[in-house]
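S.K.: Numbering (my numbering), first residue to last: 75 to 619.
Glycine included, C-beta positions come from ideal geometry on N, C-alpha and C.
1. In the DSSP assignment, find the unbroken alpha helix (DSSP H) run with residue 593 in it and report its ends.
2. Taking 9 Å as the cut-off, decide whether the C-beta atoms of residue 195 and residue 205 are in contact.
3. Below 8 Å, how does it come out for the segment 457–468 and the segment 393–412: are there three or more Cβ pairs, yes or no?
4. Quick check: residue 177 and residue 127, are their CB atoms within less than 9 Å of each other?
5. Would you please state the rounded distance, in angstroms, between the beta carbons of residue 454 and residue 359? I believe it to be under 8 Å.
6. Which residue's Cα is closest to the Cα of residue 203: 256, 183, 156 and 117?
7. Using a 10 Å radius around the Cβ and a threshold of 16 neighbouring Cβ atoms, would you call residue 294 buried or exposed?
8. Among residues of its own chain, excluding the 5 on either side of residue 168, which ones have a beta-carbon nearer than 8 Å to its beta-carbon?
9. What did DSSP end up calling residue 388 once you bin it into helix, strand or coil?
10. Quick check on DSSP: helix, strand or coil for residue 141?
11. My guess is that residue 597 and residue 586 are in contact by the Cβ rule of under 8 Å, so how many angstroms apart are they, rounded?
12. What whole-angstrom Cβ distance do residue 158 and residue 171 have, given they're in contact under 8 Å?
13. Is residue 460 a contact residue of the ligand MG, with contact defined as CB to any heavy atom under 8 Å?
14. Assuming residue 261 and residue 189 form a contact by the criterion Cβ under 8 Å, report the distance between their Cβ atoms to the nearest whole angstrom.
15. Provide the residue span of the beta strand (DSSP E) that contains residue 540, from first to last.
16. Once the 5 residues before and after residue 123 are set aside, which same chain residues still bring their CB inside 6 Å of it?
17. Out of 369, 352 and 282, state which residue places its alpha-carbon closest to the alpha-carbon of residue 341.
18. If the criterion is Cβ atoms closer than 9 Å, does the pair residue 250 and residue 215 meet it?
19. Can you check whether the CB of residue 435 is closer than 9 Å to the CB of residue 380?
20. Taking the DSSP output, what are the residues bridged to residue 135?
21. From which residue to which residue does the alpha helix (DSSP H) around residue 504 run?
22. Specify whether the segment 391–401 and the segment 363–375 touch according to this definition: at least 3 beta carbon pairs, one from each stretch, less than 8 Å apart.
23. What would DSSP say about residue 175, mapped onto helix, strand or coil?
24. Please report whether the beta-carbon of residue 432 lies at a distance below 9 Å from any beta-carbon of chain B.
25. Do residue 286 and residue 315 have their C-beta atoms closer together than 9 Å?
26. If distances are taken between C-alpha atoms only, which option among 348, 438 and 431 comes closest to residue 418?
27. For a quick check, are the C-beta atoms of residue 312 and residue 184 less than 9 Å apart?
28. Let me confirm a value: residue 144 is counted as buried when at least 16 other C-beta atoms fall within 10 Å, else exposed. Which label applies?
29. Alpha carbon to alpha carbon, how far is residue 449 from residue 415?
30. Could you check the C-alpha separation between residue 609 and residue 568 for me, to the nearest Å?
31. Find the nearest neighbour of residue 611 within the set 540, 548 and 552, judged by alpha-carbon distance.
32. Using CA atoms only, rank isn't needed, just tell me which of 264, 339 and 231 is closest to residue 300.
33. Under the three-state reduction of DSSP, which class applies to residue 251: helix, strand or coil?
34. Roughly how many angstroms separate the alpha carbons of residue 480 and residue 534, rounded to a whole number?
35. Determine the contact status of residue 507 and residue 540, defining contact as a CB-CB distance below 9 Å.
36. Quick check on the burial criterion: 16 or more other C-beta atoms within 10 angstroms. Buried or exposed for residue 200?
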């Protein structure tokens, strides 16, 4: 999920309509911020709230309940920005102020905001006397371009990533704000209210803090190691950590590892570009539909959306691949995402503000059009496995014997996969995704119809991907006969992750570790009553180093 936050400031006299308040400080604008014409209009993003003269969030505006504007909105403002406590605000009348960091434009000019006071430099690297203030928004003339693979100075807008076009001056990266005027890119907080981030960055530890690990169920656990004050780490994501509370405090992921540092205990002026709501979300690239009634398709480009149900707006979807699929009804190849889960929650069709129910429906391997969803989170977009031309050609050709045999070999490997630790210690939903994919492949291969190259290739790719997605592994310990507290917590997290409910919700299978007996039990309950208890070998879940 991206976090939306935001060079023109106008030299103008304070208008008579500006309210007199004792808690604000008027800001004098440097001439670099002057505009040719003063339209006195600001544009804010849809997430923008309103505040009073004490910096408190308003719940009503113009006599009506108010949360955020809900859409990009242009507003008239009065006077110069004012500083309330630590932040800058624009007064828009009716006792309401807008946080300057949420601006996308001032007087029609695109703006950026700063995370640090920034001097203006010339192209030759000479520092001028002009100082731009942290938290204010300024117009700029520098450029940015769409770039889905960039690793620094990136912001997201809609479905795309954009990278700033920077200038190297005396060993530092700069961004242009005006003719022969540049500021350090490191001082930029956001572009048009979209947070500027790095796909990896350095953080400095502010105080001794535990190095965390994510348990198999996503629970935050101590690794037993400590990050010392002053030590620097490279991080590549900000993640919500499960601590058994209603909120999920954030942690930085140490680059390329499954270890984490509390954000509150680490410092960086910059922002990391990738955010995930949980540790498990890092495993997948996540998208969501911006409106209700998302449509689902199969590998033949046929609509398989369940009749009588709708997939609701903003409900998340994990995806693991991009591919073109030939859609016969549209007579063209479209770009799709493959959905990770074979079972999804749908709402019954209903009128606005009327009652409905949600229901988990097994739809099998399904695809959604990339144009119908927006990015929510993830480290990297899934791999694109074909081209539009290939999708069209493959849809119109019959699969060869060798292509069918390749798929059959994956089906025949089912028993080997299911006996592996990777399968056994994966979450039940991940196992079900594999099981469903095997059944679909078996049904396809047994059918008497002619199979296209496209559906055989896609089904082969799906099975290969399902095996890769089996992530189960044992807890590694120093001494299996004497587990440490950290190792026990890791084991309990793993046992929690492999416990599961039956599809009808009546039967629950859970695994429990008995510390005193040093054994694991598999406990099955039906309608709340225990129907069986079976001892399971500790070595099924734990191995020594």
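M.R.: Quick look at the numbers:
1. From DSSP, residue 593 is part of no alpha helix (DSSP H) but of the beta strand (DSSP E) over 593–600.
2. no
3. yes
4. no
5. 7 Å
6. 256
7. buried
8. 135 and 136
9. coil
10. coil
11. 6 Å
12. 7 Å
13. Of ligands this structure carries none, so the ligand MG is not represented either.
14. 6 Å
15. From DSSP, residue 540 is part of no beta strand (DSSP E) but of the alpha helix (DSSP H) over 527–542.
16. 131 and 142
17. 282
18. yes
19. yes
20. 138
21. 502–520
22. yes
23. helix
24. As a matter of chain content, chain B is missing from the structure shown, which is built from one protein chain.
25. yes
26. 438
27. no
28. exposed
29. 17 Å
30. 16 Å
31. 548
32. 339
33. strand
34. 7 Å
35. yes
36. exposed
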